[in-house]
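Asker: For the sequence shown, the working numbering assigns the number 80 to the initial residue and increments by one for each residue that follows. Every residue gets a Cβ at the ideal spot worked out from N, C-alpha and C, and that includes glycine.
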Amino acid sequence: MPKQSDWSKSMTTQIKSNMEESARAAYLNGCELHEDAFLLFEAKRFPRSAALSILSEEEFSKAFILLICADQGRWDSNIYKSLRKHPEKQGIAEAMRDHFDWFSRNYSRIMEMNRFSFVQHQPSTIPDEAKMNEIVAKAKSRFSRPIRDYLKQDAFYVSLNEEAKLKSIPASISKEDAQSCLEESAKFKAITEVLLGNPVGAVKWAEL
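1. Quick one: using the 10 Å Cβ neighbour count with 16 as the cut-off for buried, is Leu261 buried or exposed?
2. What residues in its chain sit with their C-beta under 8 Å from that of Ser247, if we drop five residues either side in the sequence?
3. Return the chain-ordered list of same chain residues with a C-beta closer than 6 Å to the C-beta of Lys268, the five sequence neighbours on each side being excluded.
4. Work out the CA separation of Ala149 and Lys95 for me, nearest whole Å.
5. Which stretch, first to last residue, makes up the beta strand (DSSP E) that contains Ser247?
6. On a CA-only basis, which of Ser101, Asp155, Thr92 is nearest Asp85? Give me that one, please.
7. Is Leu239 helix, strand or coil when you go by DSSP?
8. Can you say whether Glu100 is buried or exposed, counting buried as having 16 or more other CB atoms within 10 angstroms of its CB?
9. Determine the extent of the alpha helix (DSSP H) in which Asp150 is found, giving its start and end residues.
10. Which one of Arg103, Lys88, Asp180 has the shortest CA to CA distance from Asn277?
11. Start and end of the alpha helix (DSSP H) containing Gln258?
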């Protein structure tokens, strides 16, 4: 039985317009956060760079969810609440990066095969059921074990255990950690831009 706080709205022209406007605002904010993260990386402020990269990824994820749901005609309390939950947004971002990596490998394989074939094959955009289930399961596991959210917290705050012993400090975040966060955020930015009508970035990633 639905909770009293649950709600679902019919997709009107105004709500769809609002969702698309909010998505673009989230995307643009994500871009600014990503740029700030890059400046911090250049300044060798690696912990804050990593944290802002993950925050930018969350804003891209917010934009991504809004655009997908607007296209599907869905706007309800579950979607609304998910936009405020960090693990869910991080899980969506990871799933889409995994899907994009699969697509890039499959695309390259099909293009190479077409070089030696009289019959040209079109690469699929959707993996088989087993691979799709694997991607979805991995994303859902992040809801209960949000590794990237832990990394973001570690990049911002001093952490201690139940005996009050120092557990970690932001300075433990390495250059490699920050660089990885920047690259993953940039990849998801490119994926989000496909929904915004600009596939150039995603094409460049696929060619790497």
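Answerer: This is what the structure gives:
1. Sequence index remark: in the sequence shown, residue 261 carries index 182 (1-based). When all chains shown are included, Leu261 counts as buried.
2. One-based indexing of the sequence shown puts residue 247 at position 168. Contacts found: Asp233, Val237, Ser238.
3. Counted from its first residue, the sequence shown places residue 268 at position 189. Phe139, listed in sequence order.
4. Numbered from its first residue, the sequence shown carries residue 95 at position 16. Numbered from its first residue, the sequence shown carries residue 149 at position 70. Straight-line Cα distance between these residues: approximately 6 Å.
5. On the sequence shown, residue 247 is found 168 positions in, with the first residue counted as 1. Note, Ser247: beta strand (DSSP E), 245 to 247.
6. In the sequence shown, the residue the question calls residue 85 occupies position 6. Checking every option, the nearest Cα to that of Asp85 belongs to Asp155.
7. Translated into the one-based positions of the sequence shown, residue 239 becomes position 160. Three-state result, Leu239: strand.
8. Position 21 of the sequence shown, counted from the start, is the residue given in the question as residue 100. So Glu100 ends up on the exposed side.
9. As a working note, residue 150 is residue 71 in the sequence shown. For Asp150, the enclosing alpha helix (DSSP H) has its first and last residue at 125 to 151.
10. Working through the sequence shown from its first residue, we reach residue 277 at position 198. For Asn277, the nearest C-alpha among the options comes from Arg103.
11. Reading the sequence shown from its first residue, position 179 is the one you call residue 258. Start and end: 254 to 274.
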